[in-house]
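The structure appears below as structure tokens.
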Amino acid sequence: MSPSGTHFEIKGCELVHFGTHPTMAGRVTGVVRVRIEERFMGNLTAYPLDLKVKADIGEAAPERIRTALLAHAAHQLNKLKARHGEHHQMAAE
Numbered sequence: 025m026s027p028s029g030t031h032f033e034i035k036g037c038e039l040v041h042f043g044t045h046p047t048m049a050g051r052v053t054g055v056v057r058v059r060i061e062e063r064f065m066g067n068l069t070a071y072p073l074d075l076k077v078k079a080d081i082g083e084a085a086p087e088r089i090r091t092a093l094l095a096h097a098a099h100q101l102n103k104l105k106a107r108h109g110e111h112h113q114m115a116a117e
């Protein structure tokens with residue numbers, strides 16, 4: 025738990041669906057559903073978050089596409105966690 029009493033944790037994620045982009049050749053898009061648990065001021069909230077993901081991977085094996093899309097989701101979640109921590113630290117000051 026962070027010093028400000030907040031807690032933000034990713035409990036799981038799954039690739040819901042993916043497919044080729046309708047107009048951009050070589051691009052694959054999809055949706056990753058993430059389960060998040062957040063504790064703030066003693067209250068625990070769990071919620072799903074659907075992230076739109078993309079990868080310029082062309083034609084590839086489904087496993088490779090899945091990995092690329094999950095990597096894009098991980099990048100988005102890392103940015104979200106960083107902003108979440110900064111926001112609460114500033115609010116506590």
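Residues in the sequence shown are numbered from 25 upward in steps of one, following my numbering.
Where a beta carbon is used, it is the ideal one built from N, C-alpha and C, also for glycine.
With DSSP as the reference, label residue i as helix, strand or coil.
{"i": "P155", "result": "What is shown of the chain runs 25 to 117, which leaves residue 155 out entirely."}
{"i": "A85", "result": "coil"}
{"i": "L93", "result": "helix"}
{"i": "H41", "result": "strand"}
{"i": "K76", "result": "strand"}
Check each candidate in the options and name the one with the smallest Cα separation from residue i.
{"i": "I34", "options": "G50, R57 and A49", "result": "R57"}
{"i": "A84", "options": "L73, F42, E38 and A70", "result": "F42"}
{"i": "M48", "options": "L73, K78 and D74", "result": "K78"}
{"i": "V52", "options": "D80, A106, A98 and M65", "result": "D80"}
Assuming residue i and residue j make a contact with CB atoms under 8 Å, what is their CB distance in whole Å?
{"i": "G50", "j": "G82", "result": "4 Å"}
Using only the alpha-carbon positions, how far apart do residue i and residue j sit?
{"i": "R88", "j": "C37", "result": "17 Å"}
{"i": "T69", "j": "L94", "result": "24 Å"}
{"i": "L101", "j": "D74", "result": "11 Å"}
{"i": "K103", "j": "H96", "result": "11 Å"}
{"i": "F64", "j": "K76", "result": "26 Å"}
Start and end of the beta strand (DSSP E) containing residue i?
{"i": "F54", "result": "At residue 54 the sequence reads Gly, which differs from the Phe that was named. G54 -> beta strand (DSSP E) spans R51 to F64."}
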